[in-house]
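Chemist: Protein chains in written order, with our numbering: chain D, -15 to 151; chain F, -15 to 151. The C-beta atom is built at its ideal place from N, Cα and C for all residues, glycine as well. Remember, predicted model here, so these are calculated numbers, not experimental data.
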DNA sequence: CATATCTATTTTACTAGTAAACTATTTGGT
DNA sequence: ACCAAATAGTTTACTAGTAAAATAGATATG
């Protein structure tokens, strides 16, 4: 097998390390290096797709989090789902609320809490854009057959279980 | 199998979508959703580890890119490896050069090009920190045996081949 | 051999994200 | 009931990243 032609970014990085630091076992980057790289590339593509709807990736994450919930969510629940800081949630929701895509509600049981939910306009945006998002994700995985996708998902779930803060 | 207890973040997201939008096939998120989530969590951990050396993740990426190369690299080559913009490379290298970890060289064959390489101090930092980085990556994958890691790496390489811009 | 065009990097002006301080509210101890 | 401590969210002050303009050098064409 021709090394250069078969190699992706991580194969090249690994070859570099093995030449530069032969004593180190760098095999660990085979998995995490690819996860970082694929994640970053996928994120860029999705961001470009979403430009049409004039929402950022982070804003879309907020919208999707609310869209798949069967009840209004607290700001802190949205923060946990999006992996951004609480301050970012405030900013993103401010912007989305100004555009009429999301609304804030008080919670009668605790005045500190702010509940958030999609407006009809927000629901409409998600109904329009989320299918395109799914198409893009399917396209990124088009090199794998159904069995490989299932295997990959199962292995990643196993990693996820260990990496998730509360898991 | 108890659904709630087995689920990671993506299992919960998928269950939400299946309740909220039963008509959509959201199985695509099983892979890309986990890649994004694991990537973001891993990135946070690594960033925290690197705080000890007072370098950011992005700066460490620059240092590692130079460390594994057998020749000085152009600014544009560093940019391609780090997945950030050219403007970011300038900023990161400015900071690293100010700290004496990296140096810029002119290239006699083309005056527009800037070559970059580690200083001895930069080499030292990578020699000290890169092993910790590898330890962290190994720890994140501790839930998998060697065969599973190899399988996961192979499947990710297949995705990578399709997603890489020039692949 | 000009000079227009292209290319590599840096600079500028701006946006997004964050940690820490702040505000408002609740809770628990007495 | 009162007040200290804890909690939820927002604001502030700052940093990192970017797109587009600017700079400087190379290349090609008449």
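#1: Within 10 Å of its beta-carbon, does residue 14 of chain D have 16 or more other beta-carbons around it, so buried, or fewer, so exposed?
#2: Could you check which residue in F:39, F:60, F:17, F:22 has the C-alpha nearest to that of residue -6 of chain F?
#3: Could you tell me which whole alpha helix (DSSP H) segments of length 4 or greater appear in the region 24 to 77 of chain D?
#4: Give a yes or no on whether the minimum CB-CB distance between residue 145 of chain D and chain F is below 8 Å.
#5: Would you mind sorting residue 76 of chain F into buried or exposed? The rule is 16 or more other CB atoms within 10 Å of its CB.
#6: Can you confirm whether residue 101 of chain D, when its beta carbon is compared against all beta carbons of chain F, has any partner nearer than 8 Å?
#7: If we define contact as Cβ-Cβ less than 8 Å, is residue -11 of chain F a contact residue for chain D?
#8: Can you tell me where the beta strand (DSSP E) with residue 92 of chain D in it begins and where it stops?
#9: Closest to residue 128 of chain D by C-alpha separation, out of F:104, F:114, F:43, F:145, would be which residue?
#10: Between the Cα of residue 1 of chain D and the Cα atoms of F:9, F:78, F:47, F:68, which residue gives the shortest distance?
#11: By the DSSP assignment, the alpha helix (DSSP H) with residue -5 of chain D in it spans what residues?
#12: Where do the N-terminal and C-terminal ends of the alpha helix (DSSP H) with residue 144 of chain F fall, by residue?
#13: In the DSSP assignment, find the alpha helix (DSSP H) that holds residue 106 of chain D and state where it starts and stops.
#14: Just checking my contact of residue 147 of chain D with residue 19 of chain F at CB under 8 Å: how many whole Å lie between their CB atoms?
#15: Quick check: is the beta carbon of residue 55 of chain F nearer than 8 Å to any beta carbon in chain D?
#16: Select from D:52, D:5, D:3 the residue whose C-alpha is nearest the C-alpha of residue 10 of chain F.
#17: Under 8 Å by Cβ, that's how I've got residue 122 of chain F and residue 33 of chain F pegged, so tell me the actual separation to the nearest angstrom.
#18: Can you find a C-beta in chain D that's less than 8 Å from the C-beta of residue 91 of chain F?
#19: For residue 27 of chain D, which residues from the same chain have a beta carbon less than 7 Å from its beta carbon, with the 5 sequence-adjacent residues on both sides left out?
#20: Taking 8 Å as the CB-CB cut-off, is residue 127 of chain F touching chain D?
#21: Quick test of your reading: residue 43 of chain D and residue 79 of chain D, contact by CB under 8 Å. State the CB separation rounded to the nearest angstrom.
#22: Does the CB of residue 40 of chain D have a neighbour CB from chain F at under 8 Å?
#23: So if DSSP puts residue 100 of chain D in a beta bridge, which residue, or which two residues, is it bridged to?
#24: Taking only the alpha-carbon atoms, compute the straight-line gap between residue 64 of chain D and residue 83 of chain F and give it to the nearest angstrom.
#25: Would you say residue 15 of chain D lies against chain F (beta-carbon separation less than 8 Å)?
#26: Using only CA atoms, which one of D:-9, D:5, D:-8 lies nearest to residue 118 of chain F?
#27: What residues from chain D crowd round residue 25 of chain F, counting only those whose CB sits closer than 8 Å?
Modeler: Quick answer:
#1: buried
#2: F:17
#3: 41 to 51, 59 to 66, all fully within the region 24 to 77 of chain D.
#4: Yes, residue 145 of chain D lies at the interface with chain F (some Cβ there is under 8 Å from its Cβ).
#5: Classification for residue 76 of chain F: buried.
#6: no
#7: Interpretation of residue -11 of chain F is limited by its pLDDT of 46, a score under 50 that renders its predicted location unreliable; the figure taken from the coordinates is listed afterwards. Taking Cβ atoms only, chain D never reaches closer than 8 Å to residue -11 of chain F, which makes this a no.
#8: Here residue 92 of chain D belongs to no beta strand (DSSP E), and DSSP marks it neither H nor E.
#9: F:145
#10: F:47
#11: -7 to 4
#12: In the DSSP annotation of this structure, the continuous segment of the alpha helix (DSSP H) that includes residue 144 of chain F starts and ends at 130 to 147.
#13: 104 to 124
#14: With a Cβ gap of about 12 Å, residue 147 of chain D and residue 19 of chain F do not count as contacting.
#15: At a cut-off of 8 Å between C-beta atoms, residue 55 of chain F does not count as an interface residue with respect to chain D.
#16: Among D:52, D:5, D:3, the Cα nearest to that of residue 10 of chain F is on D:52.
#17: Actually they are not in contact, since the Cβ atoms of residue 122 of chain F and residue 33 of chain F sit about 13 Å apart, beyond 8 Å.
#18: For residue 91 of chain F, the closest Cβ of chain D is not nearer than 8 Å.
#19: 41
#20: yes
#21: 7 Å
#22: no
#23: D:57, D:88
#24: 36 Å
#25: Yes, residue 15 of chain D counts as interfacial toward chain F.
#26: D:5
#27: 67, 147, 148, 149
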